[in-house]
Amino acid sequence: MKILVVDDFSTMRRIVRNLLVELGFSNGLIQEADDGENALTMLRNNAFDMVVTDWNMPNMTGIDLLRAIRAEPSLKGLPVLMVTAENNRDQIIAAAQAGVNGYIVKPFTAVTLQEKLSKIFERLAASGATA
Amino acid sequence: MDPTLDSELRNDFLVEAGELVQRLGDQLIGLEASPRDAELLNAVFRAFHTVKGGAGFLAIEPMVQLCHHAEDLLNVARNGQLLIDASRMDALLEALDLLNDMMAALASGSAMAMPPAGLLQRLTPGKGAAPAPAPKPVAAPVAPPPSDGTIDDSEFEALLDSLYGSSGAPGAPAAAVESGSISDDEFEALLDNLHGKGGQPGATSAPAASATSGTISDDEFESLLDNLHGKGGLPGASAPAPAPTPAPAAAPAKQAAPAPENTVRVDTARLDALVHRAGELVLVRNRLLSLAAKTGDESLELAATELDRVADALQNAVLGMRMQPVGRLFQRFPRIVRDLSRQLGKEVELIQEGEGTDLDRSLVEALADPMVHLIRNALDHGLEMPDERERAGKPRKGKVTLGASQRGERIVITVSDDGRGMNPEILRRKAVEKGLMDEAQASRLTENECYEIIFRPGFSTAATVSDISGRGVGMDVVKTRVVELGGTLSVRSQLGKGSTLELAVPLTLAIQRVLMVRVGARLLALPLSNVDEVFELAPGQQQLLDGRVVASHRGRALALADLGGWVGVEGLPGSHVVVLHIGHMRLGCLVHEVLGREDVMVKPLGPLFEGVPAVAGATVTGDGRLALVMDLAGLSDQDGQLLSTLRMSG
């Protein structure tokens, strides 16, 4: 599974990467981008299976990245997990309305990440099954 | 997480968050000057926010708490609900200081206390201001109304269900009940449509928009479905139905882009290694040049000249890599000036000029303390109190200007104030009072020589020793330090108009201008900045004074030292005297031969010889011989007493 981790803070990218690897995802298939714009470019040029993005970034924020992904025919089906610093209801509703698949609040453990990913995959599978 | 990963992460965090924290100091000062600068507010907010995020993963609770409070305050400020005034800024700066301490504690692995409640209290936005950003009213949230503004997993799932259908899971529609804006029938129809198209975001995202208008009409719903059945475009974009998408409450405004990553972070040790390699190449070149000149072989000489050119260019390029803009040195001063001016009750404007001037990295570090002292001095002694300035017909706000420029092979840094200036008469009188000279000597001083008195040890013009700059270390210490760096410090002043201190240092510390001397068979390189003059000892010029060997020179007794004894050369000391000043001590060093001036590349001797007093390093001369480069400050101990190996017995 090819995953793009988007965060402007490289320490945080590394943390997310480590957690994903801990969950059994292949380190070699995880790539990183330092803001939304770069992420979008990478997404357009490579086939990714999932995006884990921070919300608060310069240039292009996570929510703008999400909207851009949903607006782009070739990317719109891509699952997006949003990383936020606060469990802020309005933010998350906005993200859901923009088409986010899941959210996770910093700091989180591998277990929490696993739960969030499972929920995303369950929903994807269910929707695929009913389609 | 495994512990090695943890420590690696910690190091990453220290570097990366450290950079953010370092920038914060400057940004906060900038913010105080323009508290409405949205971009700056955002940048400062984001810095605290990002540090908090990283600290959270590393489970550094005190840091999380501190940053969280600072971030909250800034968030309210950037939403325009609060202005960062001086007292808020005090709290933020205090928070930054504490954050710096915490970073240091993290680096050293020492314990970290929770931030003091008082500080957190001061960072908390007042009751008048809403603690959270005011969201554009989301008319009727899809999910149950917020209890505390947070959301939990089940609520989120319900939210997604309401948006995309629950894939048959029961209970999903409950989410919509509260708003009452969409009927069960409508909702079921919506779900059917969504399921038909593959109920996941991306393919079908959107219907939530319906919630924002509170109600949904049949027409709207139809057109929404049309959209979903169509190309699967985002309804928010094309459908007439949805009311405006709610603006995400805290989506930050766009910020200035950080510099693109076309730079590589290189360990300074590797950079230094490169500098030394380049230095060695230059030394080999020197030898080749002198060989070529001896053989007279024209083609060899041509090749050697070519090598000469390339090696020069390489050396300059490598030295250039060690350069940093003086701005790096200057950036810590706005904070100091701010704190100091508040403490002194003076109004000060700090002006910086020539921040782009490049300076050797090691000098940036080495000059920090002397510069701080000069600035403190300008604020404390130079500038008058606002009322006094007003009486003198000056603006209440005093000006301190930091300037940097390159003059030939030297970097000149100035600290100017538009304060009261220095009075030569007072300086003369003080010099006499303090016993630095007698009245006759004082009266002979030119004005400029009077100003130079401030560099004498133990001299302070302040009537009372103030907490700010009169702490016993005076301008003499600054001068000594600057001279050690191969620099000079001078002063100009105009009574009533202000003073300027001018500090000139060599472009780089890697190349030193030295006086090459021979002691026995050994070559020693003495930093030229410490050399006053050279003379030859006449017979009978030596005499014994208080058990020390001195030479009477220019009407004064000059203490003599035998460099031969120090480097372990047997036999009679030489008869050439190199007069050195080390701090305020003058010393005549006996050597056998004075070879002349040379620019040398100083190479460190490596860890084995680290800390050998008075040896700065070594260099290879043009003819391939080794010379020790001396660090003359090391010839005396802490109390300014000469090393015993240098003493000469009568």
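Chains as they are written, first to last, in UniProt numbering: chain D, 1 to 131; chain U, 1 to 650.
Quick reminder that beta carbons are idealized off the backbone N, C-alpha and C, glycines included.
Small disclaimer: the values here were computed from a predicted structure and weren't measured.
*So, is G80 (chain U) buried or exposed, given that buried needs 16 or more other C-beta atoms within 10 angstroms?*
So G80 (chain U) counts as exposed.
*Would you kindly check if the distance between the Cβ of G354 (chain U) and the Cβ of S416 (chain U) is under 7 Å?*
No, the pair does not count as a contact, with Cβ atoms beyond the cut-off.
*Output yes if chain D places a C-beta closer than 7 Å to the C-beta of residue 651 (chain U); else output no.*
What the structure shows of chain U is the stretch from 1 to 650, and residue 651 (chain U) is not part of that stretch, so it cannot be assessed.
*Quick one: does I92 (chain D) have its CB under 7 Å from some CB of chain U?*
Contact with chain U is found for I92 (chain D), since one of that chain's Cβ atoms lies less than 7 Å from the residue's Cβ.
*Indicate whether A551 (chain U) and G520 (chain U) have their beta-carbon atoms separated by less than 7 Å.*
No, they are not a contact pair.
*Check G403 (chain U) in the structure and name its three-state DSSP category.*
In the structure shown, G403 (chain U) sits in a strand (DSSP, three-state: E or B).
*Reference S34 (chain U); option with closest CA among U:V482, U:V15, U:I84*: Looking from the CA of S34 (chain U), the closest CA among U:V482, U:V15, U:I84 belongs to U:I84.
*So, is the C-beta of D161 (chain U) closer than 7 Å to a C-beta in chain D?*
Not one chain D Cβ lies under 7 Å of D161 (chain U).
*Out of curiosity, what's the CA-to-CA distance linking E72 (chain D) and R78 (chain U)?*
Going by the C-alpha atoms only, they are around 32 Å apart.
*Taking 7 Å as the CB-CB cut-off, is S26 (chain D) touching chain U?*
Chain U, which has no Cβ nearer than 7 Å to the Cβ of S26 (chain D), makes this no.
*Can the beta-carbon of residue 714 (chain U) be found closer than 7 Å to that of D599 (chain U)?*
Summary: the structure shown does not reach residue 714 (chain U), with chain U confined to residues 1 through 650, and so no result is reported for it.
*Can you tell me where the alpha helix (DSSP H) with L595 (chain U) in it begins and where it stops?*
Counting along the chain, L595 (chain U) falls outside any alpha helix (DSSP H), though it belongs to the beta strand (DSSP E) covering 593–601.
_Assumed close pair V52 (chain D), I3 (chain D) - CB separation to whole angstroms, cut-off 8 Å_ = Yes, V52 (chain D) and I3 (chain D) are in contact; Cβ-Cβ is about 6 Å, under 8 Å.
*Exposure of I453 (chain U), with buried meaning 16 or more beta-carbon neighbours within 10 Å*: With 16 or more other CB atoms across the displayed protein chains lying within 10 angstroms of its CB, I453 (chain U) is buried.
*Answer yes or no: does any C-beta atom of chain U fall closer than 7 Å to that of I120 (chain D)?*
So, not an interface residue.
*Does the distance from the CB of A110 (chain D) to the CB of L29 (chain D) come in under 7 Å?*
Between A110 (chain D) and L29 (chain D), the C-beta spacing is not below 7 Å.
*When the Cα atoms are used, what is the spatial distance from residue 205 (chain D) to R44 (chain D)?*
Since the displayed chain D opens at 1 and closes at 131, residue 205 (chain D) lies outside it and no answer follows.
*Reducing DSSP to helix, strand and coil, say where H576 (chain U) ends up.*
Under the three-state reduction of DSSP output, H576 (chain U) falls in the strand class.
*Have a look at Q97 (chain D) and D6 (chain U) and give me their C-alpha separation to the nearest angstrom.*
The straight-line gap from Cα to Cα measures roughly 36 Å.
*Under 9 Å from the C-beta of E157 (chain U): neighbouring residues of chain D*: By Cβ distance, chain D contributes K119, R123.
*According to DSSP, which residues form a beta bridge with F535 (chain U)?*
DSSP, once it has assigned bridges, lists U:V577 as partnering F535 (chain U).
*Taking all protein chains shown into account, decide if Q441 (chain U) is buried (16 or more other Cβ within 10 angstroms of its Cβ) or exposed.*
Within a 10 Å sphere around the beta-carbon of Q441 (chain U) sit fewer than 16 other beta-carbons, which makes this residue exposed.
*Is K106 (chain D) close to chain U, meaning its C-beta is less than 7 Å from at least one C-beta of that chain?*
So, interface residue.
*Below 7 Å between beta carbons: does that hold for I63 (chain D) and A39 (chain D)?*
It is not a contact, given that the beta carbons lie outside the stated cut-off.
*Reference Q27 (chain U); option with closest CA among U:I60, U:L74, U:D12*: The residue with the shortest Cα to Cα distance from Q27 (chain U) is U:L74.
*Does any CB atom of chain U fall closer than 7 Å to the CB of F48 (chain D)?*
Cβ-Cβ to chain U under 7 Å: no for F48 (chain D).
*Counting only beta-carbon atoms, is A140 (chain U) nearer than 7 Å to chain D?*
The predicted model places A140 (chain U) with a pLDDT of 42, which falls under 50 and marks its position as unreliable, so this point remains unresolved.
*Assign E502 (chain U) to one of three DSSP states: helix, strand, or coil.*
Per DSSP, reduced to three states, the secondary structure at E502 (chain U) is strand.
_Reduced DSSP category for R342 (chain U) - H, G, I as helix; E, B as strand; rest coil_ = Reduced to three states, the DSSP call for R342 (chain U) is helix.
*Among residues of its own chain, excluding the 5 on either side of V326 (chain U), which ones have a beta-carbon nearer than 8 Å to its beta-carbon?*
Excluding positions up to five away in sequence, the list reads G354, E355, G356, T357, D358, L359, V364, A404, I411, I413.
_For L289 (chain U) and E306 (chain U), I'd like the C-alpha separation in whole angstroms._
Going from the Cα of L289 (chain U) to the Cα of E306 (chain U) covers about 10 Å.
*Using a Cβ-Cβ cut-off of 6 Å (strictly less than) and excluding sequence neighbours within five positions of D97 (chain U), which residues of its own chain qualify?*
Answer for D97 (chain U): no residue qualifies.
*How many Å lie between L20 (chain U) and F13 (chain U) at the Cα?*
The straight-line gap from Cα to Cα measures roughly 10 Å.
*What number of angstroms, rounded off, separates the C-alpha of A311 (chain U) from the C-alpha of L271 (chain U)?*
If I take the Cα positions, the gap works out to 17 Å.
*Residues of chain D with a CB under 7 Å from the CB of T50 (chain U): which are they?*
For a Cβ distance threshold of 7 Å, residue set F9 of chain D lies close to T50 (chain U), ordered along the chain.
*Taking Cβ-Cβ distances shorter than 7 Å, what residues in chain U pair up with M15 (chain D)?*
The amino acid at residue 15 (chain D) is misidentified as Met; the sequence shows Ile. Under the 7 Å cutoff, chain U gives L9, F57.
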